Each structure stands twice: as structure tokens, then as C-alpha cells.
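*Asks:* What follows is a structure written as C-alpha cells; I'll ask about it next.
In my numbering, the protein residues as written are 33 to 210.
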């Protein structure tokens, strides 16, 4: 959905989910420079493949493109939650736990350093994530996602065979995220 969809079609969006027997989709967007959510009947929407799955939602534009900068707070997108073009979604997960693990991954210095290889401006489209290695976010993963983000970084460094110089580069050039 276009970034200004709430203003262009105000009659089909609701501030609260109506209780009228129809299925509604929560849409995350921006209005008056604020993150907001509105609701739209599902029959009005061409549904992306991850709409009925858990996902991680991040801004489509963020920061300046400097290597290692923190991203705006990523959000967990629950099933039947979508977004406008102001955001992108990552993943199509069966469980909330998997989406929580994916948020931790997005917050790692390792993942954001790999993102920074291609992200040289504020724009954050899916193709800029090409060098960020895919991971298994399930309980079968070789990464223990229950650990802190810093501990996950250490696991990722080992998994991907980084040497001390590469680890020191990432640790000194990439900001921590809360």
C-alpha cells in the first residue's frame, strides 16, 4: 500500500478493529510523522505471502547509510498485520518465537555490518539485505536465540568463521542496539 493510503482512502480504514463479522487486517503506516496502525477489511487487500504469518517489520528508510548505524526499532508483525511502503517485512514465520529470534538477529552487529556493505543511503529496500546470511530461527537452529544479542553476535562470528581482525572491525564500527 502506498505511503499516503490513509489520507487518500480514509473511508475504508478504521482506527479500531470493527466488530462486524468481517476479517480485518491491521496496517502499520505513518501519518503526520507518527507510526500508526489502522484496520481495513481483508477483502480489499491483495495479500502478500507472509500476511497470515509472523514477521519482522523495519522502516524502508533509516539513518544516513553510515556503516554500523542503529536501525529504528524493528517490530514483530503478527498474523494479519501488514504495512505501507514506509516499511519492509522480513520473514514468514510460523511462531512468535521465530520472529523474536529474527528481531534479535536484525539487532546484531554482525547482521547490520553485512547490511551496511550495500546500504550507502537512508534507503533500506530488500535488495540491500542481500549479504545478510539467512538463518534458521527455529529451536533446531545452530544459534541459541535465547541468548543476549551480544552473545548471539559471538555465536555468529564463530559460525561464519570470522577472524579476530574481522570481529574487532565489527565491534569497533557497529553501534549496539537496545
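Beta carbons are placed, not taken as given, at the ideal position from N, Cα and C, and that holds for glycine. As the structure is a computational prediction, the values presented were derived from the model and not from experiment.
What residue range is occupied by the uninterrupted alpha helix (DSSP H) comprising residue 167?
*Replies:* Here residue 167 corresponds to residue number 135 of the chain shown, with the count starting at 1. Taken as a continuous stretch (DSSP letters only), residue 167 belongs to no alpha helix (DSSP H), as it is neither H nor E.
*Asks:* So residue 59 and residue 116 are supposed to be a Cβ contact under 8 angstroms. How far apart are they, rounded?
*Replies:* Along the chain shown, read from residue 1 onward, the residue named residue 59 stands at position 27. Along the chain shown, read from residue 1 onward, the residue named residue 116 stands at position 84. With 8 angstroms as the limit, residue 59 and residue 116 qualify as a contact, their Cβ atoms being about 7 angstroms apart.
*Asks:* Can you tell me whether residue 161 is helix, strand or coil according to DSSP?
*Replies:* Locating residue 161 in the chain shown gives position 129, counting from the first residue. Residue state, collapsed to three classes: helix.
*Asks:* Would you check if the distance between the CB atom of residue 173 and the CB atom of residue 167 is smaller than 9 angstroms?
*Replies:* For this step, residue 173 is matched to residue 141 along the chain shown. For this step, residue 167 is matched to residue 135 along the chain shown. In contact: residue 173 and residue 167 (Cβ atoms closer than 9 angstroms).
*Asks:* Provide the residue(s) that pair with residue 73 in DSSP beta bridges, ordered along the chain.
*Replies:* Here residue 73 is taken as the residue at index 41 of the chain shown, counted from 1. According to DSSP, residue 73 bridges with 56.
*Asks:* Tell me, to the nearest whole angstrom, how far the beta carbon of residue 185 is from that of residue 141; I am working on the premise that it is less than 8 angstroms.
*Replies:* Your numbering for residue 185 matches position 153 in the chain shown. Your numbering for residue 141 matches position 109 in the chain shown. Indeed they touch by this definition, with Cβ atoms about 5 angstroms apart.
*Asks:* Per the DSSP calculation, residue 62 is bridged to which residue(s)?
*Replies:* Translated into positions along the chain shown, residue 62 becomes position 30. Paired residue(s): 67.
*Asks:* In angstroms, rounded to a whole number, what distance separates the CA positions of residue 212 and residue 195?
*Replies:* This structure gives no information on residue 212, because the portion of the chain shown stretches from 33 to 210.
*Asks:* Grab the span of the alpha helix (DSSP H) containing residue 148 for me, first residue to last.
*Replies:* On the chain shown, position 116 is the one that residue 148 refers to. Taken as a continuous stretch (DSSP letters only), the alpha helix (DSSP H) holding residue 148 covers 141-150.
*Asks:* In the DSSP assignment, find the unbroken beta strand (DSSP E) run with residue 46 in it and report its ends.
*Replies:* Within the chain shown, the letter at position 14 stands for residue 46. From DSSP, residue 46 is part of no beta strand (DSSP E); its letter is neither H nor E.
*Asks:* Classify residue 123: buried if its beta carbon has 16 or more other beta carbons within 10 angstroms, exposed otherwise.
*Replies:* Here the question's residue 123 lines up with position 91 in the chain shown. That one is buried.
*Asks:* Can you tell me whether residue 136 is buried or exposed? The criterion is at least 16 other CB atoms within 10 Å of its CB, across all chains shown.
*Replies:* As a working note, residue 136 is residue 104 in the chain shown. Buried: at least 16 other Cβ atoms inside 10 Å.
*Asks:* Please go through the same chain and pick out, in chain order, the residues whose beta-carbon is closer than 6 angstroms to the beta-carbon of residue 102, but skip the five residues on each side of it.
*Replies:* Walking along the chain shown from the start, residue 102 turns up at place 70. 207 and 209, listed in sequence order.
*Asks:* Mind checking residue 130: buried by the 16 CB within 10 Å criterion, or exposed?
*Replies:* Here the question's residue 130 lines up with position 98 in the chain shown. Classification of residue 130: buried, given that the 10 Å Cβ count is 16 or more.
*Asks:* Tell me which same chain residues have a C-beta within less than 6 angstroms of the C-beta of residue 45, skipping the five on either side of it?
*Replies:* Taking the chain shown and counting its residues from 1, the one referred to as residue 45 is at position 13. 38, 70 and 72, listed in sequence order.
*Asks:* For residue 207, list the residues DSSP reports as bridge partners.
*Replies:* Working through the chain shown from its first residue, we reach residue 207 at position 175. Per DSSP, none; premise fails for residue 207.
*Asks:* At what residue ranges does the region 75-108 contain a whole run of the alpha helix (DSSP H), taking only runs of 4 or more?
*Replies:* Fully enclosed alpha helix (DSSP H) runs of 4 or longer: not present.
*Asks:* Could you please give the first and the last residue of the uninterrupted alpha helix (DSSP H) stretch that includes residue 37?
*Replies:* Taking the first residue of the chain shown as 1, we reach residue 37 at position 5. First-last of the alpha helix (DSSP H) with residue 37: 37-40.
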